[in-house]
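Note sheet for the following structure.
Residue numbers (the working numbering): 237 to 380.
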């Protein structure tokens, strides 16, 4: 069941002239290890995710989420079929992640977006600090 714009429930079938808006967050968290790991040179653990802005079950309308990581990662295309839609890894550098959201409704084209994976925080002086980072962007999936 999907909620229409007015909040009423529908059977999931399309109603002509109805717009459905689903607010989401695309983001990442990262945590500094304290020093560079000897075995691989990684400095941070990180998690990239897609989650609902409101507390709702996205699996009702999301079939899967695909995260395309930097090609230096083994199996850089990661596909998540159920919540939480997230990937956790470690690394030493920031890069852009391609995020593609697929829907149960085959009439809906997948949504393709990007998120810059943030590992470092610069304070007002431009000095890089080693704090826990949360980098999120609000977006809306709109179905017409």
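All C-beta atoms in this analysis are idealised placements derived from N, C-alpha and C, irrespective of residue type, glycine included.
query                                                                                  : result
Contact check, residue 304 vs residue 333, beta carbons under 8 angstroms              : yes
Top-ranked residue by Cα proximity to residue 300, from 323, 368, 330                  : 323
C-alpha gap between residue 246 and residue 268, whole angstroms                       : Any reading at residue 246 is ruled out, since the residue's pLDDT is 46, under 50, leaving its predicted position unreliable.
Between the CA atoms of residue 296 and residue 380 - distance to the nearest angstrom : 17 angstroms
CB-CB length for residue 257 against residue 378, believed under 8 angstroms           : 5 angstroms
Nearest candidate by alpha-carbon position, reference residue 372, set 264, 313, 288   : 264
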